[in-house]
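Notes for the one structure printed next.
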Ligand code: ZN
Ligand code: ZN
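Numbering (this note's numbering), first residue to last: 2 to 306.
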């Protein structure tokens, strides 16, 4: 089942070589050729217990319109709701522009009074960033830190879109949170689809060799468990499917609910990351296709559990 889930979520709808990055991640020493969702779900399960906290960061700014994209928030909140169901408190770490979308997504999934922390991009105020990510580990004492489709710092210290554009002024930087978590021995998990997201440092060489603009966009921050998917939301859904298999209860949502989540996300200001349009789509793929992917995962789990 885990291998099947990995296979489904790496469907390369965008033609971006996500399966190559997925294979590279599975072949890293820490993953020992095991399915990526199994690695991520098992490691999460091994550190969490009722009452513990997990930080989940998401939010990829589309600078041409000044809005966050629809890939990331859905996955982050679906994962947060699954953790909440298992008694773990999720805390969402996002740019201020994404806060309204996280709130409505949590409402849609009946995740009451969500904890949301905002991290300012350097370009958001006249002064330097006023709310950095520093201090969040001390305040929340999390057992894990997760990034879902979160821009990651490149070798020259900038943040890059998948076409290589410098988007640094719009990104609320959270790489230090992951670096600090690694130093403290806190579990780090990354979910990405392009090579420029936090966690892709684990497969940096493959990003540089196999991905368009790879040498410019490759993120240098590695994580303990890197899940690569065709679309990052699917990667997070895959981890939720993995947690479902391990806990014996279906923690995923249905395709119909995925459609309403996407509508809510767009109405709260998110845009398609590929087209920069306010349409119910993710990475240029229609909401109906995303709903079908969720139905495949949900149906598979229902049959198996
Ligand atoms: Zn991406
Ligand atoms: Zn994406």
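Where is the CB? At the ideal position from N, CA and C, for every residue including glycine. Computed from a prediction, not measured in an experiment: that's the story for all the values here.
I'd like the span of the beta strand (DSSP E) that includes residue 304, first residue to last. Segment 288-305 is the alpha helix (DSSP H) holding residue 304; no beta strand (DSSP E) there.
Would the C-beta of residue 195 count as close to ligand 1, meaning under 7 angstroms from any of its heavy atoms? yes
Run through DSSP, which three-state label would residue 252 get? coil
Residues bridged to residue 161 by DSSP? 167
Cut-off 6 angstroms between Cβ atoms - residues of its own chain near residue 202, not counting five sequence neighbours on either side: 220, 221, 222 and 223
Would you report the Cα separation of residue 215 and residue 209, rounded to the nearest angstrom? 4 angstroms
When you compare only the Cα positions, how much space is there between residue 90 and residue 51? 8 angstroms
At which residues does the alpha helix (DSSP H) containing residue 277 begin and terminate? That residue, residue 277, is in no alpha helix (DSSP H); it is neither H nor E in DSSP.
Within the present structure, is the beta-carbon of residue 35 separated from the nearest heavy atom of ligand 2 by less than 7 angstroms? no
If you measure between the beta carbons of residue 75 and residue 262, is that distance less than 8 angstroms? yes
From the DSSP secondary-structure annotation, give me the bridge partner or partners of residue 93. 57 and 117
Between the CA atoms of residue 305 and residue 200 - distance to the nearest angstrom: 30 angstroms
Measure the alpha-carbon distance for residue 303 versus residue 251 and round it to whole angstroms. 7 angstroms
Spatial distance of residue 238 from residue 185 (CA atoms): 27 angstroms
Work out the CA separation of residue 96 and residue 130 for me, nearest whole Å. With a pLDDT of only 48 at residue 130, under the threshold of 50, the placement of this residue in the model should not be trusted, and no figure is reported.
I need the DSSP call for residue 267, collapsed to helix, strand or coil. helix
So what's residue 180 in DSSP terms, helix, strand or just coil? helix
Exposure of residue 40, with buried meaning 16 or more beta-carbon neighbours within 10 Å: buried
Status (buried if at least 16 other CB within 10 Å, exposed otherwise) for residue 135: exposed
Residues sharing a beta bridge with residue 201, DSSP: 223
Cα-Cα separation between residue 61 and residue 249, rounded to whole angstroms: 33 angstroms
Residue 201 Cβ short of 7 angstroms to ligand 1 heavy atom set: no
Close beta carbons around residue 288, own chain, < 7 angstroms, minus the five adjacent residues each side: 260, 263, 281 and 282
Bridge partners - residue 188, DSSP secondary structure assignment: 145
Leaving out five residues on either side along the sequence, give the residues of the same chain with a beta carbon under 7 angstroms from the beta carbon of residue 12. 231
From residue 190 to residue 82, what distance separates their C-alpha atoms? 17 angstroms
Run the proximity test for residue 198: is its beta-carbon closer than 7 angstroms to any non-hydrogen atom belonging to ligand 1? yes
At the level of alpha carbons, what is the spacing between residue 148 and residue 59? 6 angstroms
Neighbourhood of residue 155 by C-beta, 8 angstroms cutoff - its chain only, sequence neighbours within 5 removed: 161, 197, 217, 218, 219, 220 and 221
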